[in-house]
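Worksheet for the structure shown next.
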Amino acid sequence: MNVIITPVMVGQVIISGLLAGALYSMVALGLSLIYGVMRVINIAHGTLLMLGAYTTFWWFRLLGINPYLSLLVALPLMFFVGMVLQRTLVTRVVDAPELSSLLLTFGISIALVNVAQLTFTSDVRSVEFLTGAFLVGPFALSKSRLVSFAFAVTISLLAFWFLQKTKLGKAIRATSQSSEVAMVCGINVRRIHLYAFGIASALASAGGSLVAVMVAIQPEMGQVYTFKSFLVIVLGGAGNYPGALLGGMLLGLVEQLASLFLTTQLSEAVAYVLLVLVLLLRPTGLLGGRAK
Amino acid sequence: MHDGHLLEIRDLTKRFGGVVAVNRCSLILTPGKIYGLIGPNGSGKTTLFNCITGLERRDTGEVFFRGERIDGLKPHQVARRGIGRTFQIIRVFPELTALENLLVVTREPFEVAHRRAQELLRFVTLDGLEKEYAGNLSYGQQKLLEFIRVLMRDPELILLDEPAAGVNRTLLNDLLAAITRLRDQGKTILIVEHDMKVVMGLCERIFVLDYGEKIAEGPPAAIQGDARVVEAYFGR
Amino acid sequence: MKWAIGVAFVIGLFLLALYPVVATGYGIRFMLQLFMWVALAQSWNLISGLTGYVSFGHVAFFGTGAYAAGILVTKHGWHWGAASLVGGVAAVILALVIGYPCLRLKGPYFAIAMLGLNEVMRVLVSYFEGLTGGGSGLSLPTLHASGQIYYAMGVAALAATGVAHLIITSRVGLRFMTIREDEIAAEAMGINTARYRLYAFLLSAFVPGVVGGLFARDQGYIEPISVFPLLTTVTMIVMVLFGGKGTIWGPVLGAVTLFVFQELVWARFLYLHQILFGAIIVVVVLLMPKGILGILQDRYRLPRTV
Numbered sequence: 009m010n011v012i013i014t015p016v017m018v019g020q021v022i023i024s025g026l027l028a029g030a031l032y033s034m035v036a037l038g039l040s041l042i043y044g045v046m047r048v049i050n051i052a053h054g055t056l057l058m059l060g061a062y063t064t065f066w067w068f069r070l071l072g073i074n075p076y077l078s079l080l081v082a083l084p085l086m087f088f089v090g091m092v093l094q095r096t097l098v099t100r101v102v103d104a105p106e107l108s109s110l111l112l113t114f115g116i117s118i119a120l121v122n123v124a125q126l127t128f129t130s131d132v133r134s135v136e137f138l139t140g141a142f143l144v145g146p147f148a149l150s151k152s153r154l155v156s157f158a159f160a161v162t163i164s165l166l167a168f169w170f171l172q173k174t175k176l177g178k179a180i181r182a183t184s185q186s187s188e189v190a191m192v193c194g195i196n197v198r199r200i201h202l203y204a205f206g207i208a209s210a211l212a213s214a215g216g217s218l219v220a221v222m223v224a225i226q227p228e229m230g231q232v233y234t235f236k237s238f239l240v241i242v243l244g245g246a247g248n249y250p251g252a253l254l255g256g257m258l259l260g261l262v263e264q265l266a267s268l269f270l271t272t273q274l275s276e277a278v279a280y281v282l283l284v285l286v287l288l289l290r291p292t293g294l295l296g297g298r299a300k
Numbered sequence: 118m119h120d121g122h123l124l125e126i127r128d129l130t131k132r133f134g135g136v137v138a139v140n141r142c143s144l145i146l147t148p149g150k151i152y153g154l155i156g157p158n159g160s161g162k163t164t165l166f167n168c169i170t171g172l173e174r175r176d177t178g179e180v181f182f183r184g185e186r187i188d189g190l191k192p193h194q195v196a197r198r199g200i201g202r203t204f205q206i207i208r209v210f211p212e213l214t215a216l217e218n219l220l221v222v223t224r225e226p227f228e229v230a231h232r233r234a235q236e237l238l239r240f241v242t243l244d245g246l247e248k249e250y251a252g253n254l255s256y257g258q259q260k261l262l263e264f265i266r267v268l269m270r271d272p273e274l275i276l277l278d279e280p281a282a283g284v285n286r287t288l289l290n291d292l293l294a295a296i297t298r299l300r301d302q303g304k305t306i307l308i309v310e311h312d313m314k315v316v317m318g319l320c321e322r323i324f325v326l327d328y329g330e331k332i333a334e335g336p337p338a339a340i341q342g343d344a345r346v347v348e349a350y351f352g353r
Numbered sequence: 006m007k008w009a010i011g012v013a014f015v016i017g018l019f020l021l022a023l024y025p026v027v028a029t030g031y032g033i034r035f036m037l038q039l040f041m042w043v044a045l046a047q048s049w050n051l052i053s054g055l056t057g058y059v060s061f062g063h064v065a066f067f068g069t070g071a072y073a074a075g076i077l078v079t080k081h082g083w084h085w086g087a088a089s090l091v092g093g094v095a096a097v098i099l100a101l102v103i104g105y106p107c108l109r110l111k112g113p114y115f116a117i118a119m120l121g122l123n124e125v126m127r128v129l130v131s132y133f134e135g136l137t138g139g140g141s142g143l144s145l146p147t148l149h150a151s152g153q154i155y156y157a158m159g160v161a162a163l164a165a166t167g168v169a170h171l172i173i174t175s176r177v178g179l180r181f182m183t184i185r186e187d188e189i190a191a192e193a194m195g196i197n198t199a200r201y202r203l204y205a206f207l208l209s210a211f212v213p214g215v216v217g218g219l220f221a222r223d224q225g226y227i228e229p230i231s232v233f234p235l236l237t238t239v240t241m242i243v244m245v246l247f248g249g250k251g252t253i254w255g256p257v258l259g260a261v262t263l264f265v266f267q268e269l270v271w272a273r274f275l276y277l278h279q280i281l282f283g284a285i286i287v288v289v290v291l292l293m294p295k296g297i298l299g300i301l302q303d304r305y306r307l308p309r310t311v
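Sequences listed follow chains A, B and C, in order.
Under our numbering, think of the first position of the first sequence as 9, with each following residue one higher.
Under our numbering, think of the first position of the second sequence as 118, with each following residue one higher.
Under our numbering, think of the first position of the third sequence as 6, with each following residue one higher.
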């Protein structure tokens, strides 16, 4: 392959990588929350993202208003959906072996994806809202990517502020460390599980709302994001919330860099190989999280 | 290096993050004795067991078994060399029957293994329950099952982690009698225990850990009178 | 009692062997697919039911076998029988390549790694277009062999069940199960769990590979989406969970029940059928984790090796 790689190309790739990475970070933070607080492996995470994307799509289709405003509706809606899922189904496998939560969330994912197929049909949808790019020097910054970056960063920082500074956030972090100790300290652990899943669901769907403007929307779109979220968690360390942020950025960078040297198809496989490699070499994540 | 030592631990240290669980611990076991390992909660006893059996990787130090270095080996390799152990929280295989729990751990031909398993079941009067799922047995029965499961491989060194916990008096006496018989057959046993009566009555030599360090070692009488041991348990 | 069941079983086999003589084309294809699902379910059970390491990407072995056999038949003129066997071997090789690193991972991480395997296989198949025909698929030379494939699939199903029986009633199977029950205790008792995990995984890949090859021959045409669909893995999982994982006849029970229902009731409603599968998984995990056979085992005190 004879491609001459210029510094501008590399710069472009780094920028694109960071822009994409912020979104991965935000979504993965949700997954990390669920695992950290409940030790549940949420295979349905990408499905929640998909639901967020469809919310934005229908908002735009039916109301014609700025799709980014749909976040105001999608976030609380999906927060609620997340809580419902937790309360009715997930809570029953919290203390069960991890195998059960794997299978359960897998089943939920399959069911929800196909409900989406039935109700929304498998026609590929899209939201044509923000196209084109800003030209900054030699670099082209896709407008939609930039806006999504801004939102992702804002939401992630909000989530962090919440975890660090608010009472509920601290309770969540305490429960992640040790649910027994949290209980002894008077924290209603069941309630924490509820909120954590709700927040995680909202984070995932926010990701969906943001990508709705950029990619094709269809019921199976979530799967790849589930997988990438796992990869981010593995990179950053399970249950390590700041790690999720860095892991996301790292994934974004690696993906874009890979696409420079490989075909787009193969660069998808890069995420996979990366996952296996990291799991083998540093199972506690590059930044060190809880071992398993 | 062997010197008739069955197990030799030299300067073993194990850290978990900032916490030092085992701190430069050294001890020697000679064959055919019952040893005790005591200390307040969190003093590193189970961690020490884990380091011996390969479940944890020690940070520094060495473990020798019959003169051969075994630290760094995988747990199943350690087990194959003749060290057996039980766990603080019972770990039987719940969805396997009692008999299957025993058969699965040995590679001997079926006839031999089956006979041996039956003998052991009779030994602890569990022989009516061989077809029962281990998960359905009572706590005491599971404890006995875990105990004889270790014996299926006929290990030279047996590590027992709190064998008396949660066990009623009658059962306990049977267990202690069994341990004594094992010692008489030439086996070496190291017991972690909190029940002082059991330890003082059964063990010939006792090691005391506190905050991961060995603070005392000797026969029961010496340990009972040792000021450091009393301080470790009762006052700080 | 036991010999009565044995006799019934042999009669049943006999009838199944004679079936193609009286059946319609549809009937043969129906049974052929049923056998295929029995074989697939049994294989998935070997790794996931016995060792507890959930393989979410098992269809990768099916697809690999399909492509390996398909390529041998189209490009090198092999007979589909031998080609399918090679398909099985190809699947085992893939299992070795994937399994060796991935099985070192703890259960949940293994499951995640397997989840992505699907995608990777599809990407690889598209990439090696010259060999596999890429997105446009692979067409096998026309051959009407439904009858023979019926028997081949039947043999596969029988073999898979036979192997399951051998393993579950032996100490090897017990060792597989200790991995599911308590790996730490198993290791402490001298069982090399890493090695047994690998054995189970390799074993569980062979039959799907063979069956994939047979499927390719039967369909006459394969493309990435037809042999690597997530639905195939989901179906395997539902069948085993519903019937009873870890048992010998659970996968058969699950395969027969769900396939019959699927074909007769909801095959025309593709999405509804998948929603139902998802719902069944949820229900089984929450309410009947041992599956139908497990419930029967508890109720009627049946042995573990049923």
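Where is the CB? At the ideal position from N, CA and C, for every residue including glycine.
Being a predicted model, the structure only gives us computed values, none of them experimental.
DSSP three-state assignment for residue 125 of chain B, whether helix, strand or coil: Of the three classes helix, strand and coil, the one that applies to residue 125 of chain B here is strand, per DSSP.
Interface flag, residue 115 of chain A vs chain C, CB-CB below 7 Å: yes
Element boundaries [beta strand (DSSP E), containing residue 150 of chain A]: 147–150
Chain B within 7 Å of residue 187 of chain C, Cβ atoms only: yes
Proximal residues to residue 118 of chain B (C-beta, below 7 Å), its chain only, five neighbours per side dropped: With a pLDDT of only 46 at residue 118 of chain B, under 50, the local geometry of the prediction cannot be trusted, and the value read off the model is given with reservation. Result list for residue 118 of chain B: 181 and 184, in chain order.
Local Cβ density within 10 Å of residue 142 of chain B, reported as buried at 16 or more and exposed below that: buried
Boundaries of the alpha helix (DSSP H) in which residue 216 of chain B is found, first to last residue: 215–220
Rounded distance between the beta-carbons of residue 9 of chain C and residue 97 of chain C, thought under 8 Å: Their Cβ separation, rounded to whole angstroms, is 38 Å, which puts residue 97 of chain C and residue 9 of chain C out of contact at 8 Å.
Chain C contact residues for residue 122 of chain A, given Cβ-Cβ distances below 7 Å: 276, 279, 280 and 283
Residues, ordered as in the chain, of the region 104–119 of chain C that lie near chain A by beta-carbon distance below 7 Å: 106, 107, 109, 110, 111, 112, 113, 114, 116, 117 and 118
Spatial distance of residue 32 of chain A from residue 154 of chain A (CA atoms): 14 Å
Whole-number beta carbon distance between residue 153 of chain B and residue 303 of chain B, since they are thought to touch under 8 Å: With a Cβ gap of about 19 Å, residue 303 of chain B and residue 153 of chain B do not count as contacting.
Where residue 331 of chain B falls: helix, strand or coil (DSSP): strand
Residue environment, residue 297 of chain A, which counts as buried when at least 16 other CB atoms sit within 10 Å: Any answer about residue 297 of chain A is weak, because its pLDDT of 46 lies below 50 and its placement is not dependable; what the coordinates show is given next. Burial of residue 297 of chain A is indicated by the presence of at least 16 other C-beta atoms within 10 angstroms of its C-beta.
Three-state secondary structure (DSSP) of residue 278 of chain B: Residue 278 of chain B falls in the strand class under three-state DSSP.
Which listed residue (A:185, A:151, A:187 and A:200) has its alpha carbon closest to that of residue 175 of chain A: A:200
Buried or exposed (CB count within 10 angstroms, at least 16 for buried), residue 24 of chain A: buried
Beta-carbon proximity list for residue 302 of chain A, same chain, < 8 Å, skipping 5 on both sides: With chain A covering 9 to 300 only, the question about residue 302 of chain A has no answer from this structure.
Residue nearest to residue 110 of chain A in terms of C-alpha spacing, selected from A:177, A:65, A:52 and A:141: A:52
Chain E contacts from the region 160–180 of chain B (Cβ-Cβ distance under 9 Å): Annotation note: the requested chain E is absent from the structure, which comprises protein chains A, B and C.
Closer than 7 Å to chain C by CB, residue 280 of chain A: yes
CA nearest to the CA of residue 178 of chain B, picked from B:125, B:211, B:192 and B:151: B:125
Euclidean distance between Cα positions of residue 203 of chain C and residue 62 of chain C: 16 Å
Residue 142 of chain A at chain C interface by Cβ criterion, 7 Å: Not an interface residue.
Neighbourhood of residue 231 of chain C by C-beta distance below 8 Å, restricted to the same chain and skipping five residues each side: 142 and 224
Sheet register partners of residue 153 of chain B (DSSP bridge): B:308 and B:323
Ordered list of beta strand (DSSP E) runs contained in the region 226–250 of chain B, each at least 3 residues: none
Integer Cβ distance of residue 25 of chain C from residue 155 of chain C, believed to fall under 8 Å: 6 Å
For residue 186 of chain A: DSSP bridge partner residues: Bridge partners of residue 186 of chain A: none, in fact.
Contact with chain B by residue 202 of chain C, beta-carbon distance below 7 Å: no
CB of residue 193 of chain C within 7 Å of CB of residue 196 of chain B, strictly: Judged by their CB atoms, residue 193 of chain C and residue 196 of chain B are nearer to each other than the 7 Å cut-off.
Chain A contacts made by the region 127–148 of chain C, where a contact means CB separation under 8 Å: 128, 129, 131 and 132
Assigned secondary structure, residue 40 of chain C (DSSP; H/G/I helix, E/B strand, else coil): helix
Contact set for residue 204 of chain B: own chain, Cβ-Cβ below 8 Å, skip 5 residues either direction: Residues of the same chain with a CB within less than 8 Å of the CB of residue 204 of chain B, apart from the 5 flanking positions on each side, are 263 and 278 in chain order.
Cβ of residue 293 of chain C within 7 Å of any chain B Cβ: no
With 16 other Cβ atoms within 10 Å as the buried cut-off, status of residue 273 of chain C: exposed
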